[in-house]
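All the letters of the sequence shown, read from the start, carry residue numbers 3 to 243 under my numbering. By construction, the Cβ of each residue, glycine as well, lies at the ideal position given by its N, Cα and C atoms.
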Amino acid sequence: MDTLTAYKIPVSARILGTFLDHTYVESSKGHQWGCFGASTGGRPTVEGVGDSDVSQCIAPNNTGLKYGITGVCHQATNRLLSPSNVTLDGNVRGYFLSYATYNEYGLDINEWHERQEKCAVGNHKINDYPLLNALLLQKSILASGQSSFKITPSFQLSKKHNADVTSHTNRWKNRFLDHAIDYVRSNTSLQYYVNEVNSGANAYVHGIARNIGYGNCASLLGQDINPSTKLKLLEIDKFES
Numbered sequence: 003m004d005t006l007t008a009y010k011i012p013v014s015a016r017i018l019g020t021f022l023d024h025t026y027v028e029s030s031k032g033h034q035w036g037c038f039g040a041s042t043g044g045r046p047t048v049e050g051v052g053d054s055d056v057s058q059c060i061a062p063n064n065t066g067l068k069y070g071i072t073g074v075c076h077q078a079t080n081r082l083l084s085p086s087n088v089t090l091d092g093n094v095r096g097y098f099l100s101y102a103t104y105n106e107y108g109l110d111i112n113e114w115h116e117r118q119e120k121c122a123v124g125n126h127k128i129n130d131y132p133l134l135n136a137l138l139l140q141k142s143i144l145a146s147g148q149s150s151f152k153i154t155p156s157f158q159l160s161k162k163h164n165a166d167v168t169s170h171t172n173r174w175k176n177r178f179l180d181h182a183i184d185y186v187r188s189n190t191s192l193q194y195y196v197n198e199v200n201s202g203a204n205a206y207v208h209g210i211a212r213n214i215g216y217g218n219c220a221s222l223l224g225q226d227i228n229p230s231t232k233l234k235l236l237e238i239d240k241f242e243s
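Next up, the structure:
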């Protein structure tokens, strides 16, 4: 078995307008997986023991994720860490926002389950799954009240605020999915999509902060936040052409 280590690198405020952490994964065998960005530098954040050959099988095609639609670097990192049963936590800045939007492993759950199962037995042939179907399935899950969103202890939030945050999160995810579905259906431009998602993500976080207090929200996010803080989730340059 090998050691799988996730690293975090502060993202330039010039790019995203706030301080978030890009993450990537290294293995003790020498693998480096960039997760939509850099694969060197930064400092370790979490690590676990697992089979890096499985991670290498998971890695192609950005671990199966579509940047900004079904996940970002944090979800790719969690997929690569999955053989070790370790995930990122609240010590990674921006992780709560990406987790609230894309879950732990991304929104395309059928593709991910197949990728996990096949890579566990060394089968590298992963089927293609329609992107729109993955998003529509998430809408159905949300409408049924079966959302997998949970406030884990690593986010350092008191129990009395959990219901408020969960309610805000479900409303945000529903709006996000509407934007993503419109974009995938070619009803909106990439620029419009990125602007709407970033604006909505910022409003979502500040809505939570006004409800539970900015101090509690800072603990949730793992970073300072005040009424003038502007948060962004997506970088337009990382989208596939």
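key: Minimum C-alpha distance to residue 227 - residue among 236, 214 and 237   = 214
inquiry  = Please state the DSSP three-state secondary structure of residue 10.
reply    = When secondary structure is reduced to three states using DSSP, residue 10 falls in the strand class.
key: Environment of residue 16 [buried if 16+ CB atoms lie within 10 Å]   = Residue placement at residue 16 is flagged as unreliable, the pLDDT there being 49, under the threshold of 50; a coordinate-derived value is accordingly withheld.
task = Could you tell me whether the region 158-175 touches the region 202-210, using the rule of 3 or more Cβ pairs below 8 Å?
result = Result yes; three or more Cβ-Cβ pairs closer than 8 Å.
inquiry  = The beta strand (DSSP E) that contains residue 26, what's its start and end?
reply    = 23-29
ask   = Quick one: Cα of residue 239 to Cα of residue 39, how far?
value = 11 Å
key: Alpha-carbon to alpha-carbon, residue 9 and residue 164   = 28 Å
task = Please name the residue, chosen from 182, 211, 210 and 187, that lies closest to residue 197 on a Cα-to-Cα basis.
result = 182
task = Could you name the residues of the same chain whose beta carbon sits closer than 6 Å to that of residue 22, not counting the 5 residues immediately before and after it, in chain order?
result = 13, 95 and 96
message = For the region 100-116 against the region 28-37, do three or more pairs of beta-carbon atoms, one drawn from each stretch, fall closer than 8 Å, so that the two count as touching?
response = no
inquiry  = Output needed for residue 133: all residues of its chain with C-beta closer than 8 Å, excluding positions within five of it in sequence on either side, in chain order.
reply    = 68, 71, 72, 110 and 186
task = Report the residue from 119, 177, 221 and 178 whose alpha carbon sits nearest the alpha carbon of residue 91.
result = 221
Residue 116: first and last residue of the uninterrupted beta strand (DSSP E) it sits in = No beta strand (DSSP E) contains residue 116, which is instead part of the alpha helix (DSSP H) from 111-122.
task = Starting from residue 49, trace the beta strand (DSSP E) both ways and give me its first and last residue.
result = 45-52
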